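Peer 1:
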Amino acid sequence: MTVTSGAPQTRALTTEELRADLTLEQLRQLVGLVEYDDSSDPFPVTGMDAVGFVVGNATQAAAWYQLAFGMDLVAYRGPETGTRDSKSYVLRSGSARFVLSGGVTPDSPLLDHHRRHGDGVVDLALEVPDVDRCVDHARASGATVLEEPHDVSDEHGTVRVAAIATYGETRHTLVDRSAYSGPYLPGYVAAQSTITRPEGHPRRLFQAVDHCVGNVELGRMDEWVDFYRRVLGFTNMAEFIGDDIATDYSALMSKVVASGNHRVKFPLNEPAVARKKSQIDEYLEFYAGPGCQHIALATGDILTTVDGMRAQGVEFLETPDSYYDDPELRARIGEVRVPIEELKRRRILVDRDEDGYLLQIFTKPVGDRPTVFYELIERHGSLGFGKGNFKALFEAIEREQEARGNL
Ligand SMILES: [Fe+2]
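Going by our numbering, the sequence shown opens with residue 11, and the numbers climb by one from there.
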């Protein structure tokens, strides 16, 4: 839902962004919004609605995301609220919403999913202004409709939802919540965090989802790029092939598709043939197929975010001192808002392009399998993804792969 109907979407905030007290200017900087008029878009997308996960223990994962990621618990459903076979916890930070679900009864399909894939992302839900129009267009464009458009209602109003399939066992639920005021969806009840934040802890550690990356099989990337262009009307934002993203040992290819206003950005990776096993191959093996590799979270103060997460036990990839001491890097990045020593101390990476610069850092995989991880990103004008850091990043990932015996 946009607040000013008829205006280009970038000039209006979404419901979730308003709820999060974000301003348009903040958001423009946080996720790199661009001007866009959606009046002739066959599949207009307002923004990310939620990231849905299946995890092995939703009860404990919900506590970890509250503690380590500083998220707020806002809604819940489970056996106590009439959902017998599963539990789902809804967490928020700014306009970012995560839904963590786990199986309760032994025959829950979520347990089968978890047995096969481990902890992972099952749903990249999108907020759209017109669910039926999107589904009509998706079907006509050859997409698989998993759930036909339908209304779900409770005392807070009505939500229109549908779902289409994307790579692997991942889906895009399409949600129009413009006629709904409840805490999440019908079937959920409001819930409140029971966790006490440490003294002086910032109100939030991140503000929005910046991008969600999908890993697909060798030779399938262009097919999925085409899917997002054809079905969702996304545009190509960037592509990284060949030397851009190869180390001495392993390689991958990546293309980025984005919604018109860039609120939703989906990079897609596939492994490339190289001397050793690519990090994408490792993911595909351990996730047992294509899936979401990482979620980038936008913050306005990455130093505080990293300090807060590290203090709660989140582990980040190590970057060697040589990265920071390299005179070429120092010349390339020029002035950034903090002394480079502050970045070095926290192992935060920096990249600059023609539009500005960005600061970024990557966690280690957060579950038992070497699959899903997070990125934190602080943008200052750059609309990119840190291309200048790919080599350093991939070498750091390879060191981890090697330690796991998977290189
Ligand atoms: Fe990323």
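We put the beta carbon where it would ideally sit given N, CA and C, even for glycine. A quick note: this is a predicted structure, and the numbers were derived from the prediction, not measured.
What did DSSP end up calling A402 once you bin it into helix, strand or coil?
Peer 2: helix
Peer 1: In the DSSP assignment, find the beta strand (DSSP E) that holds G62 and state where it starts and stops.
Peer 2: G57 to V64
Peer 1: Only counting the same chain, and skipping five residues up and downstream in sequence, which positions put a Cβ closer than 7 Å to that of K401?
Peer 2: T257
Peer 1: Which same chain residues, not among the five before or five after A72, have their C-beta less than 6 Å away from its C-beta?
Peer 2: Y99 and L110
Peer 1: Of the residues P196, G197, Y46 and V171, which one's Cα is nearest the Cα of V185?
Peer 2: V171
Peer 1: Taking contact to mean at least 3 C-beta pairs separated by less than 8 Å, is the stretch 283-299 in contact with the stretch 260-275?
Peer 2: yes
Peer 1: Which residue spans inside the stretch 112-194 form an unbroken alpha helix (DSSP H) run of at least 4?
Peer 2: Taking only runs of at least 4 residues, the alpha helix (DSSP H) segments lying wholly in the stretch 112-194 are 119-127 and 141-150.
Peer 1: Could I get the ranges of all uninterrupted alpha helix (DSSP H) runs contained in the stretch 279-303, with 4 residues as the minimum, in chain order?
Peer 2: 289-297
Peer 1: Report yes if the C-beta of E249 is less than 6 Å from at least one heavy atom of ligand 1; otherwise report no.
Peer 2: no
Peer 1: Cα separation between Y293 and N225?
Peer 2: 8 Å
Peer 1: Can you tell me whether A218 sits near ligand 1, meaning its C-beta is under 6 Å from at least one heavy atom of the ligand?
Peer 2: no
Peer 1: First and last residue of the beta strand (DSSP E) that includes D82?
Peer 2: D82 to R87
Peer 1: Is the beta carbon of A30 sitting closer than 7 Å to the one on G104?
Peer 2: yes
Peer 1: Exposed or buried, which one is V13 when buried takes at least 16 other CB atoms within 10 Å?
Peer 2: The predicted position of V13 is uncertain, since its pLDDT is 39 and thus under 50; a value taken from the coordinates is nonetheless stated next. Classification of V13: exposed, given that the 10 Å Cβ count is below 16.
Peer 1: Is there at least one non-hydrogen atom of ligand 3 closer than 6 Å to the beta-carbon of E385?
Peer 2: In the structure shown, ligand 3 is absent; the only ligands present are ligand 1.
Peer 1: Return the CA-CA distance between L136 and V219, expressed in angstroms with no decimal places.
Peer 2: 12 Å
Peer 1: For A256, which beta-bridge partners are listed by DSSP?
Peer 2: A261
Peer 1: So H166 and S191 are supposed to be a Cβ contact under 8 Å. How far apart are they, rounded?
Peer 2: H166 to S191, Cβ: 5 Å. Contact.
Peer 1: Among G197, R230 and V131, whose alpha-carbon lies nearest the alpha-carbon of D161?
Peer 2: G197
Peer 1: Starting from T314 and walking both ways along the alpha helix (DSSP H), at which residues does that stretch end?
Peer 2: I312 to A321
Peer 1: Would you mind reading off the limits of the beta strand (DSSP E) that contains E385?
Peer 2: First-last of the beta strand (DSSP E) with E385: F383 to H390.
Peer 1: Could you check whether Q322 and I205 sit closer than 7 Å to each other, using their CB atoms as the reference points?
Peer 2: no
Peer 1: Taking the straight line between their C-alpha atoms, what separation do you get for N399 and W234?
Peer 2: 25 Å
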